[in-house]
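Peer 1: One structure, pasted below without further comment.
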Amino acid sequence: MVKTNEKLIVKGKRLDGRAIEDLRPVKMDVDVIERADGSAQVAFGNTETIVSVYGPRKLYPRFLQKSDTGILRCRYNMAPFSVEDRKRPGPGRRSIEISKVTRLALEPATFLTDFPKTVVDVFIEVLRGDGSTRVAGVNAASIALATAGVPMRDLVVACSVGKIDGKLVVDLNGLEDNNSEADIAFAIMPSKEKVTLLQMDGRLTKEELFESLDLAKKTCKKIYEMQKSALKESFKD
Ligand code: CDP
87 MVKTNEKLIV KGKRLDGRAI EDLRPVKMDV DVIERADGSA QVAFGNTETI VSVYGPRKLY
147 PRFLQKSDTG ILRCRYNMAP FSVEDRKRPG PGRRSIEISK VTRLALEPAT FLTDFPKTVV
207 DVFIEVLRGD GSTRVAGVNA ASIALATAGV PMRDLVVACS VGKIDGKLVV DLNGLEDNNS
267 EADIAFAIMP SKEKVTLLQM DGRLTKEELF ESLDLAKKTC KKIYEMQKSA LKESFKD
């Protein structure tokens, strides 16, 4: 964790040159893993995630099966080399929590009642972590599920919003995240405006919270378009 006493916003610009409402350069590719049923690679600046999806496939052991629906399982994992200090391999409290909220963020978008007794597995690997990894993972998982052919009500789109140097900004990088006064992870199904993930660290006033949510919605609309173009691109061939 890098703490700094430096100003994070100088003359209206953040230290990486962005304005307060700018995203980092975004890259989205789908079908990047041949053996998976669906996959995607998504980068927001130096935060890079790759997701593979398997299923719906029969769930074993059988006692875990649900006779009236399929289930979704998500695993969020940070590669040991993904952050400055080597990340200890294996699940920790943080990745278990992120795996759970990722599942809860994605589940409302899926129609798994059409696939009883099955499981859809979503494996999120963080290759490089530089802030906002959970929302990058949700964005990648959402388009990976779509390429796997899992029936969905809508895509799930996610972004981070936070307060640094007293200002609300979007898509926090690692330095900003570690030095923020507050940060929010947000996900939405845009067509129905249904929020599926909302987590906050730190403190905001009620007005700032509402302003942050508006900013998050606006940002997710931009990301939604990028997700749709990445999917359309893959159907071109
Ligand atoms: O990544 P996200 O913002 O969703 O989650 P976080 O728990 O708020 O972590 C913020 C950032 O801290 C990550 O994106 C990484 O850049 C960094 N981090 C780290 O350097 N080493 C870890 N073991 C965990 C997080």
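Numbering of the sequence shown is given in my numbering, commencing with residue 87 and proceeding in unit increments. Beta carbons: idealized from backbone N, C-alpha and C, even for Gly.
1. Could you pull out every unbroken alpha helix (DSSP H) segment of at least 4 residues lying fully inside the stretch 245–322, listed in chain order?
2. Taking the alpha carbon of Y162 as the point to measure from, which residue in F149, L192 and N264 has its own alpha carbon closest?
3. Using a Cβ-Cβ cutoff of less than 8 Å, which residues in the same chain neighbour E297 once the five nearest sequence positions on both sides are dropped?
4. Looking only at its own chain, which residues have a Cβ that is under 8 Å from the Cβ of L231, when we skip the five neighbours before and after it?
5. Do L301 and I229 have their beta-carbon atoms positioned less than 8 Å apart in this structure?
6. Assuming S218 and D257 form a contact by the criterion Cβ under 8 Å, report the distance between their Cβ atoms to the nearest whole angstrom.
7. Should G215 go down as buried or exposed, given a rule of 16 or more other Cβ atoms within 10 Å for buried?
8. How about A129 and V137: are their beta carbons less than 8 Å apart?
9. Once you ignore the five residues that flank Q313 on each side, which residues in its own chain have a CB closer than 6 Å to its CB?
10. Taking just the CA atoms, how far does M114 sit from E294?
11. Identify whether K186 lies in helix, strand or coil by the three-state DSSP scheme.
Peer 2: This is what the structure holds:
1. Taking only runs of at least 4 residues, the alpha helix (DSSP H) segments lying wholly in the stretch 245–322 are 260–264 and 292–321.
2. Taking the sequence shown and counting its residues from 1, the one referred to as residue 162 is at position 76. Its Cα nearest to that of Y162, the residue L192 stands out among F149, L192 and N264.
3. For this step, residue 297 is matched to residue 211 along the sequence shown. Result list for E297: L254, in chain order.
4. The residue given as residue 231 occupies position 145 in the sequence shown. G124, V139, L192, A195, T196, V206, V208 and M238.
5. For the purposes of this step, residue 229 is taken as residue 143 along the sequence shown, with counting starting at 1. For the purposes of this step, residue 301 is taken as residue 215 along the sequence shown, with counting starting at 1. Contact: no.
6. On the sequence shown, residue 218 is found 132 positions in, with the first residue counted as 1. On the sequence shown, residue 257 is found 171 positions in, with the first residue counted as 1. Between S218 and D257, the beta carbon gap of about 6 Å places them in contact (Cβ cut-off 8 Å).
7. Here the question's residue 215 lines up with position 129 in the sequence shown. Looking at its Cβ environment, which holds 16 or more other Cβ atoms inside 10 Å, G215 is buried.
8. The residue you call residue 129 lines up with position 43 of the sequence shown. The residue you call residue 137 lines up with position 51 of the sequence shown. Contact: no.
9. In the sequence shown, residue 313 corresponds to position 227, counting from 1. Closer than 6 Å at Cβ, skipping near neighbours: I229 and L241.
10. Looking up residue 294 in the sequence shown gives position 208. Looking up residue 114 in the sequence shown gives position 28. Taking C-alpha positions only, E294 is separated from M114 by approximately 30 Å.
11. In the sequence shown, residue 186 corresponds to position 100, counting from 1. DSSP places K186 in helix when its eight states are reduced to three.
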